[in-house]
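Following: one structure in structure tokens, then a few remarks.
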Amino acid sequence: MTGEFGFGQPHGGVIQTAFVVTDLREAVDFWTGDLRAGPFFHFPEWRGGDPVYRGRPSTAAVTIAMGFAGRMQIELIQPLDDEPSVYKELLDRSGPGFHHLGVASEDIDADVARYEKDGWTLAFRAGVGNGEVAYLDGGPARPGMIELIEASPGLDASFTAMWRASLDWDGTDPLRPR
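Residue numbering for the sequence shown follows numbering that gives the first Met the number 0, starting at 0 and increasing by one per position.
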């Protein structure tokens with residue numbers, strides 16, 4: 000794929016910036032109130048399809064809110080339990096904050112292999128919608144993880160609809176059901 004998604008980010012490029020939070024509603028209030036980003040769309044509980052965390056099946060659950068600041072999608076993730084996860088790792092190590100950059104991938108298997116060759120470690124993989132995601136951990140020398148997000152027409156449609164909702168948004172309904 001070449002070109003751009005409907006929300007203006009390039010195919011194969013960074014399409015998302017994500018943060019782990021301890022209070023999703025408080026984080027949404029910050030992004031919508033202080034930064035005027037939004038609205039955010041709420042996914043109340045997500046586990047992923049056949050999730051694997053660091054080589055083992057995962058049962059961890061999170062609640063997620065996604066919105067746009069310009070053409071960049073902002074993802075806010077709050078763990079809902081104490082099960083091991085890539086999100087809980089950050090909270091345990093350093094508290095809430097920046098977690099990963101989401102990169103659109105046309106071939107997740109090939110991209111995982113490329114990142115692993117460059118010293119990254121596969122930390123998490125799961126199904127999402129009609130595709131999948133894979134998180135790669137670059138270690139403490141890198142600022143966060145990379146989430147490979149399968150580039151698909153469904154991803155484009157979903158993210159573009161969220162982005163369109165942000166155009167001329169008047170601040171009402173800052174956290175919306177998805």
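Cβ atoms here follow ideal geometry from the backbone N, Cα and C, with glycine treated the same way. Keep in mind it's a predicted model, so treat the numbers as computed, not measured.
Item checked: Rounded separation between Asp81 and Glu105 - CA only -> Position 82 of the sequence shown, counted from the first residue, corresponds to residue 81. Position 106 of the sequence shown, counted from the first residue, corresponds to residue 105. CA-to-CA, the gap between Asp81 and Glu105 works out to about 33 Å.
Margin query: At the level of alpha carbons, what is the spacing between Lys150 and Gly11?
Written below: Within the sequence shown, numbered from 1, the residue matching residue 150 stands at position 151. Within the sequence shown, numbered from 1, the residue matching residue 11 stands at position 12. The sequence shown places Ala at residue 150, rather than the Lys named in the question. Those two C-alpha atoms are separated by around 8 Å.
Check: Which class does Trp119 belong to by DSSP, given the choice of helix, strand or coil?
Finding: Locating residue 119 in the sequence shown gives position 120, counting from the first residue. In the three-state scheme derived from DSSP, where H, G and I count as helix and E and B as strand, Trp119 is classed as coil.
Checklist line | Unbroken alpha helix (DSSP H) run spanning Arg175, endpoints | finding: By 1-based counting over the sequence shown, the position of residue 175 is 176. Unbroken run through Arg175 is the beta strand (DSSP E), Leu174 to Pro176; no alpha helix (DSSP H).
Notebook entry, point to check: Just the Cα atoms here: how many angstroms apart are Tyr86 and Gly138?
Noted result: Counting from one through the sequence shown, the residue named residue 86 turns up at place 87. Counting from one through the sequence shown, the residue named residue 138 turns up at place 139. The alpha-carbon atoms of Tyr86 and Gly138 are separated by roughly 15 Å.
Check: Under three-state DSSP, which class holds Trp30?
Finding: For the purposes of this step, residue 30 is taken as residue 31 along the sequence shown, with counting starting at 1. Note: Trp30 maps to helix in three-state DSSP.
Item checked: According to DSSP, residues forming a beta bridge with His99 -> Indexing the sequence shown from 1 puts residue 99 at position 100. DSSP, once it has assigned bridges, lists Ala17 and Met144 as partnering His99.
Next item on the list: Pull up the distance between the alpha-carbon of Ala160 and that of Ala17, whole angstroms please.
Entry: Within the sequence shown, numbered from 1, the residue matching residue 160 stands at position 161. Within the sequence shown, numbered from 1, the residue matching residue 17 stands at position 18. Each residue's alpha carbon lies about 19 Å from the other.
Check: Per DSSP, what kind of secondary structure is Trp162 in: helix, strand or coil?
Finding: Looking up residue 162 in the sequence shown gives position 163. Here Trp162 sits in helix by DSSP.
Next item on the list: With DSSP as the reference, label Arg24 as helix, strand or coil.
Entry: Counting from one through the sequence shown, the residue named residue 24 turns up at place 25. Three-state DSSP puts Arg24 in a helix.
Notebook entry, point to check: Under three-state DSSP, which class holds Leu90?
Noted result: As a working note, residue 90 is residue 91 in the sequence shown. If DSSP states are grouped into helix, strand and coil, Leu90 belongs with the helices.
Margin query: On a Cα-Cα basis, can you pick out the residue from Ile76, Thr62 and Gly47 that is closest to Pro56?
Written below: By 1-based counting over the sequence shown, the position of residue 56 is 57. Nearest of Ile76, Thr62 and Gly47 to Pro56, Cα basis: Gly47.
Notebook entry, point to check: For the beta strand (DSSP E) that contains Gln77, what are its first and last residues?
Noted result: As a working mapping, residue 77 is identified with position 78 in the sequence shown. Its beta strand (DSSP E) spans residues Met71 to Pro78.
Next item on the list: Report the three-state DSSP secondary structure of Gly12 (helix, strand or coil).
Entry: As a working note, residue 12 is residue 13 in the sequence shown. DSSP, read as helix, strand or coil, puts Gly12 in coil.
Next item on the list: Please name the residue or residues paired with Gly135 in a DSSP beta bridge.
Entry: Position 136 of the sequence shown holds residue 135. The sequence shown places Leu at residue 135, not Gly. Bridge pairing for Leu135: Leu121 and Ile145 [DSSP].
Checklist line | Nearest-angstrom beta carbon gap, Val20 and Leu100 [assumed within contact, 8 Å] | finding: For the purposes of this step, residue 100 is identified with residue 101 of the sequence shown, where counting begins at 1. For the purposes of this step, residue 20 is identified with residue 21 of the sequence shown, where counting begins at 1. Between Val20 and Leu100 the Cβ distance is about 17 Å, and since that is not below 8 Å, they are no contact.
Check: Which of helix, strand or coil does DSSP assign to Asp81?
Finding: As a first step, residue 81 is located in the sequence shown; it is residue number 82 there, counting from the start. In the structure shown, Asp81 sits in coil (DSSP, three-state: anything other than H, G, I, E or B).
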